[in-house]
Structure formats: C-alpha cells, structure tokens
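This report concerns only the one structure given below.
The following block contains the structure:
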C-alpha cells in the first residue's frame, strides 16, 4: 500500500487529499468545469467523457494545502453502473445541471438522492447550475434551484465554465466545508485506488491531517 | 472516376464571408465558419460525374476563410470559340445547346442549379464537346449566402434572379433551374447572331434593361425587345426555324412558360442527338456502384500484335483524382500556384483599420477590400514536374500482372518494382510521401479493389505491408468483408423519424472530432446523425453508448460521400471487434475483456503489472474508453487511420495487444509514478508514436498463445457459405479467431468472471500447449510461438504436483516443481536444478501445469510476482491430457 495522503510538502503547511466526483447529465459541462478549475482553460468543443477522467488540483486554504483528486464521470445514463465506482469513498461531489435545460435539473436531483442513499456519510454535495452565461435561454430558475439546495442543505452556485464565473468559488466553498479534523479524517484518506473496497480501508487508514 | 485524358487541372479561389468576432449561435457554441460550411457541402461534388461537367476534385481551406477549388479544366471556352464560325452550321449549334442542356439537366436532377452560366465557363474539350465549369458555386455557397460577392454573371442573369434581390438578404428566394435556361437563351442568342448584349451599359443600366424584359404583362416577347434594341431583327430571321424556336422558348419571361432543361432535351428539335455516354460501370468498385457492374460490359477484342508506342501517355489513363494526388506528392501546392499567378494578394493589415468602431463591435468607414470580390481566373496546374518524376517508370508498371502464378508475376516485374522492395522497408511516413511507391501501390490497389470480392485474400496480403491513403476507405471496407447490396439496405432504414436517443446523439455530435475541418461542418453533423440513427435502428438488440460517435467518425471521414458504406463498415467493425459491447447490459462483457487485458499485461510485462497492482491502478479506470471506442476516442484521426490499418487485419483479440503496446510505450513513466501520476499520465495520453505502437502490438500478438485471449463473450463463429469468397482458406493462422478453431475437450472453456478476475496469468488450452511443445509434430505446429530453428523447446512446462503424481505420468520434458517445496516463506524460489532451468528460460513461455484447481494459477501468480515473463497456466489441469496418451512415466531427465 503506497503511503500517500498526509505528508507535509516543503515541511510547511499540512497537506490534505480529498476525493471529489462530478455527476450530472450529458453535455451539462462537467468536464468543462473541471478543465476551467484545473487548467483555467475552456474548450468550446470539449469531447464527451467515456468511462471517467481523472484530474487533480491543489488549493491553499487558511494555511492548509488541499489536494482535490477529481473524478469526472460520463454523463450518459447508460454509464450509470460505473458511477458508484467513482463516488463511493468520495468526500465531495459536484452535481451539475445546465440552467438552459429543465431535464438536466431533474437528473441532478436523482443524483443527489442517490448520493444521499449510497454515497459516503457526511459527503459534501454541491449543486452547480452551469452555463450561467446563457441566462437568456434559462429554463431553470435560480430560486427553484436555491430552494432545493437549501432543503437538501447542498452548496449551491450558478457557474459558467466559459466565463469562469463561480468555478473556483464553488470548489473553494467545498474545500471550506470539508472536515479537516482528526475524528472525521479516517474517511478522508480514501483515494483513487481500491475504489470498490472502501470498507476495508476505512478501518485501516489513518487520518489525513493527523500529523 | 474518369481518366485524366486530355483534361487539365485548374484551381480557382474565393473568400467565404467571415463572421464577426465572438459571435455565438443559439447553442452557445461559436458559429461554424462559412468556409467550413462550404467545404462540407463541396464534398459531394467530388463524386458527381457527368461527361458534360468538369469533374470537381478537391477543396482546400486557406487562411482567413479563403477557399481554393480544384477541378478539371480546359483552355478553350465558348466565349473565344463563338467568334469563329464553328456554330454557323445548324447541327453544330444545336449540338452545343444540347450538350449544355445535358449538363444543366444533370445538375437539376441532383437538386442544384448553375446560376452563373456564362460563355466564359462553358468550356470545350479537345473534341469540342461542352464541359461546364464553375457550375457549383451557387450550390456550395448555400445559394450565395456564405460569400460577400453575388454569384452570377450580370449580363446573363434572368429577370427573376434580379427581382429576388441580393442573395445575402433574408427575403431572397433561391434561384430555380429555369433561370439557367434564360441564361442559356441569352448565350445562345449571342452565339447565333455574333454580338454582345448591351456591351456598353454600366451595371445599373444593364439591370434596369433586364428587369424591364421580365416585366409582367408587357406585350412584347423579351427576344423581340432585344433584337430591336440591337437592330438584329433581320439577321435573326435568317436563322433556321429550329434555332429561332429554341431561343424564343429559352427567353420566355414567365417561368411557368419557360421549359426546364430536361423538357428542352426532349424537344423535337433535338431528336437527332443521343445522350453523351457516361462512364462504364465496370470502372467502379462494388462499393461505389449499385447493381451489376458487368451490365453492358464489352470485352475489348484481343489484338495479337499491339504496337507499343513510346510516347503513350500512361498517366492520362489514371483518374483525375489519382493524378491530382500524385501531383501533390510531386511537390505540388495549390496555394503556391495561386501566389505565383498573383491571385493571393492580400492587403496590409493597416489598410484594414476602420474609422469608427461602436461599442457593439460594428465597424464603420472601412473601404471594401477588393480582394474579397470574386475573381473567376482559373490557374492551371502544371503537370510537367509530375511527368518528369514519373518519366522513368516503365509502361508495364502501370499494368501489373496480378493473376497467374507467382513465377509469372515475378517475371513481369520490372527493375523499378525491385527498388520498391527496398522502399517498402522504409518507415510508413516516408512511404506515404514517396511518389513512386504510391504510384505502384495505387495502380495495384485500384486493380485489386475493382476485383473485390474475388481479390479479398490478395488485398489482405497487401494490406499487411501498407494501405495507400488514397484507397484507405475502400480497402477498409474490403478488409471488413463488406458485401451485398448495402446501399439498398441503407436506403430502406428510416433515418429521420424521431427516436428516444436523438437527444444524446444530438449533444455528442457537436463535440466529436471537431478539430477536423471536414467533420465540423453542418453537412458532416447531419451525416453522422443519420448513420448513427441508422445503426441504432438496424440493431434493435444493441444501444447507443457514448463513444459510438467517435467510433463512427473515421468511417464517415473516409466515406464522406457514401453514408451507406460508412454504416456497413461500422456495423461490420462492431460485429467483429466489439461483439456485445453495445448491449444495454454490457458489464460482464467489458469486465471479461478487461480481465483478459490484465492477464496479457502480466504475461508480457510482469514488472509493470506488479507495479500497477501495488498502487491499485486498475485498467477499469482508464481502459474502458480505449476498448469501447477501439482507441478512436483517444487518438486524433490521422493516428486512428494508421492504427486501424493494422487493427483491421488482425483478429478480434488484436486490440488487446494494442492496449499492452500503449502501456509498454508509457512504461517508464508509469513505473516511476504513484497512482495519481499514473492516472494523469494515461488521461492526458502523451504523444504516442503510432508506428512503434503498431509494431509492438504485432510483436505482442505474435508472442501470445492464441487461447490466452479466449473470451466467452467474443463473437461466435460465423457460418460462411462454402461458395462464398470469404470462406476461402485464411491467409494466416494469426488472424483466425480463437472461437473459429475446431473445438475439442482440449479447448478452453468459459470461466466465471470471479475466477477469471482472481487469476493473475492467462490460461492456455491444452491444444496450444501441445502445439507449443511440438508434440503434435512440427508439421502441424501453426501456433504463433512456433518452435524455433534451434529445435530447443520454446516453452517450459512446470509440473507443480508432488513428485509421486509426477512420476506416475507427466508431459514429456516437463519439469517437476512441487508447489509445497518451491517457495521460501519470503516468497522467493528455493534454489534447485529446476529453478536454474527456469532462469535459463527467461523470455520464453512458461506453462504451469497441475491438477485441476487453484494451485496452478496461484503458482503462476507467484512466478509473475517474482518478475517472470510469459507465465501462463494450462486450462483443465493435467487430467485433460490423460486421454491423449502423451503422458510419459519415465523419470525426468534432470
């Protein structure tokens, strides 16, 4: 078992790793959000994601270095059966919908329900209403989404991967909500590997920021 | 494709209108550049053939929305020729009219109009026959919407064309086919009476005149008005009645009364003429043409003593397409040709500065750039350089002998084809750019493809060397054994009615290989949609999984003008390589595939496999997209082409070897990386050298016992009719599917998924084992890992049963290493003579044999952990060999 996770780069600030998963209907902009967050780029013709893609990004928050290990999943309903492999053991999830398409919002709700049932306990869920730059074509009202988010106590922001609006903010908001103390730490160390057998590692692993 | 003959190849250029900066469409995506739209529409013109039309060859996109059109061209045009007395004779005049009408009628049949017919673009070939050129400008520019200049020749425009207003206004209705008949009327009138219509009028006056001609209700026929204004009434009366009748018909002011080109062709006055003969059907391949190609075939008479003249132009007998392709290989570049002729002038950017720019981005006070106007000059491409490059190619190389026995074929080979042998050893990229090599390949493949399906085995053989890019589309179709009336099948499929998957297809297409100019055009999007829908509709037991779009893209790119063939190829490809992958419940299929993939990694690269295992880097996390799309979602098109060129000649297990080869290329990076770095490396997929990857895949494929890639979900054997050409003996053992070999009790059997996943190493069948150790006799040995010449056994069989069982009966030459004594507590092998033998065997196949059960797989797994390569186990245990009688009781010769 590789010993990764809690270590102190440069001997200064402590480093935490979090697994985050993106879920949502096809073509709502999951990959674009990650690409904007990780590389600051935007591709108009971003290719579809098959299976899943993996990226990492490090942010510094109050002297703590947080490393996001991001799994960007395929949107098509057919790939649903793969999703648990990625969200199981995730400490955070961004559920994305497209504000110009009501169906994608409905789909986002089913993802939230599924996460509540089958995701890790205490998982931080953020709801992202993407494509906010296309507000003139809006089909999902901000208030409706906000009311839903409040009801389910989700983080909520409308984002635009194209203009970068709220993209970093939503990830930072997640980072702030992620528990960083010892008692919840044993869930935080779950990483990309052994996606399936979280139970075993939850017992085995030590806390992330315990050192 | 028609032969070049005495035609020239010409290039002309114009600008498409450009969109304002940062403009977005309704879907929030940037607007498709007009040049891309035009390029998409243009493609279809390439396959449009009529003897009275100049063949379109290619379209090239330059900078700043510039487009360059390459087409068949002739020096002679009607404008010059009509000054002579060529058409004074009534017959000659009517033939001219008839031939132009033939061209127009053919265009109308295909749903488009000329709109800019003029004496300048009615060209005449060497025999004086009409060849219309620039006939597709109106069609390809979306009825003139995508260019800033008006399409048409003012003098010859019909009144209704002018009435409709400028073509970029939204109220403008597209011109109909009868407007061309008007233009023809004016042109013919000029020819008949040797004059120019209103030669000295400025455009506004000219337009006013033409509009007046079409004024509804005016009592006078336009023809009479024109004749009067030019004082040509008497001269007109001297023309034959047929000509006068024809001109009067063409210049009818009301479109309802004006006949169409097709109607005119059927008119009494043309009864002497018969349609120009088209291309012989036998010049097409079965992929290009529906119905019997032998229909109306006339076998030329065999002439005993043909006189071979030295100055025969062999190049002229190749198709215009091939000649243009070769011209490019000989260093030709259309942009250079245009520049040399002063047609690529551009203004210095400082002159393009507007006076005022509003805050909304509107530009004011900018003088119109004259280079954006239409220049109808055609630059002829000089074929001299090409001819010089090919001057020393002997005539027989244009007509290679492909039938008859090998000796005869060898005799017929010229010196230059021996040089080709050497050329064929060069890297693929060099071969593809070598003009001589490509000429020979083109000549050969042209013949082979025309002979398909009867030439299928020869095509497969040649494809192992390489596939000429010019014939890739059809060669792939041949390798996929596409047959039958796939065109009729495609026509029958309902591609338009809405189906539930439309939305998904709709969101996937605009992001599928969009860096490709061709695939990003609206025409391409529609085609891709139709093909995908057709596939979904015709495969009701399968579903659309994201990724199918990527899989379809290479076939569409190659068969852009043949959707039916693209679908036929896609279907055949999926049947062969992706059997059951597109089932709605495909996890068992994919998991089995990935388990076999993991086995192959362990077999060929235990070190990497061990590393991947230790960091939890499971192929499931990255390889689903590889195999589900056969790498078409991973690589850009030009790499997919080279990869699939080889993939298509392998069997359905070959892609697994490609996967191992890719990991092999990334090996160093992966071995030194932790989980995150590994997954990032694979996700970003650094530059993979495809030629190396292909070579490595082949090497891996040839060093993998066939049964090691056995999959229960692979395609079951396909029954082929005995008489079918596809039932011929396969050209190589390698390409045979595991599932198509005859089955016996020594064959592989399905394993449960858990069992398969729990094992580290592949299993091979008892049959393969017997072959590998040559126990069936070298004669029958046909397995990939053949017995080497040194007659040293190429495999080492390790029998892990206890020595008692071993002595009671074992496979000859097998080595006994009882499992319970073999390993030290730390996991290392306990030194013994058997281990020495094992170490001396490195690099060769090691088969672990035991009783039925998990012992052998566990032993093999331990060997792999220790870094031993090519470790596998025998399926079925030693028991299954008892009936063969090969087990010996002699003590091992250790």
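Protein chains in written order, with my numbering: chain A, 1 to 211; chain B, 1001 to 1894. All residues carry an ideal CB built from backbone N, CA and C; glycine is no exception.
Taking the Cα positions, residue 1277/B is about 14 Å away from residue 1100/B. Residue 1067/B and residue 1383/B have their C-alpha atoms roughly 22 Å apart. With a cutoff of 8 Å on beta-carbon distance, residue 1647/B and residue 1658/B are scored as near each other.
With respect to the C-alpha of residue 1719/B, the residue from 1703/B, 1740/B, 1701/B having the closest C-alpha is 1740/B. No Cβ-Cβ contact shorter than 8 Å links residue 1574/B with residue 1532/B. Chain-order list of chain B residues neighbouring residue 36/A: empty, with the shortest C-beta distance near 15 Å, by a criterion of under 8 Å.
Looking from the CA of residue 1435/B, the closest CA among 1457/B, 1446/B, 1387/B belongs to 1387/B. Between the C-alpha atoms of residue 132/A and residue 111/A there is a straight-line separation of about 21 Å. Beta-bridge analysis with DSSP links residue 1816/B to 1799/B. The segment 1865-1874 of chain B makes contact with the segment 1834-1844 of chain B: 3 or more CB pairs, one atom from each, lie closer than 8 Å. Within the model, the alpha-carbon separation for residue 1300/B versus residue 1323/B is close to 25 Å. At least 8 Å separates the beta-carbon of residue 89/A from that of residue 162/A. In the pairwise beta carbon analysis, the segment 1009-1028 of chain B is classified as not touching the segment 1285-1292 of chain B: fewer than three pairs are separated by under 8 Å. Between residue 1880/B and residue 1754/B, the C-beta spacing is not below 8 Å.
For residue 67/A, the enclosing beta strand (DSSP E) covers residues 64-73.
Using a CB distance cut-off of 8 Å, residue 163/A does not count as an interface residue toward chain B.
In the three-state reduction of the DSSP assignment, residue 1175/B falls in the coil class, being assigned neither a helical nor a strand state. Residue-level contact check: residue 174/A does not touch chain B, since none of the beta carbons of chain B fall below 8 Å from its beta carbon. Under the three-state reduction of DSSP output, residue 1848/B falls in the strand class.
Going by beta carbons, residue 1509/B and residue 1536/B fall outside the 8 Å limit. The CB of residue 1683/B comes closer than 8 Å to the CB of 53, 54, 55 in chain A, given here in chain order. For residue 174/A, the enclosing alpha helix (DSSP H) covers residues 167-177. For residue 1545/B, at least one C-beta of chain A is nearer than 8 Å to its own C-beta.
Under a criterion of Cβ atoms nearer than 7 Å, the residues of chain A adjacent to residue 1507/B are, in order, 26, 27. Proximity to residue 1391/B across 1312/B, 1043/B, 1794/B peaks at 1312/B, based on C-alpha coordinates. Sequence-distant Cβ neighbours of residue 1528/B in its own chain, meaning closer than 6 Å and more than five residues away, are 1509, 1556. Within chain B, no C-beta atom comes less than 9 Å from the C-beta of residue 105/A; the nearest is roughly 15 Å away. For residue 1013/B, the secondary structure class from DSSP, reduced to helix, strand or coil, is strand. For residue 58/A, the secondary structure class from DSSP, reduced to helix, strand or coil, is strand. Excluding the 5 residues flanking it on each side, residue 1093/B has same chain C-beta neighbours closer than 8 Å at 1087, 1188, 1191, 1192, 1243, in chain order.
Between residue 97/A and residue 34/A, the C-beta spacing is not below 8 Å. Here the C-alpha atom of residue 1710/B lies approximately 11 Å from the C-alpha atom of residue 1599/B.
Membership of residue 1871/B in the beta strand (DSSP E) is indicated by the continuous run 1871-1874. According to the DSSP assignment, residue 17/A belongs to the beta strand (DSSP E) that extends over 15-24.
Per DSSP, the beta bridge partners of residue 1763/B are 1873/B. Judged by DSSP in its simplified three-state form, residue 1059/B adopts strand.
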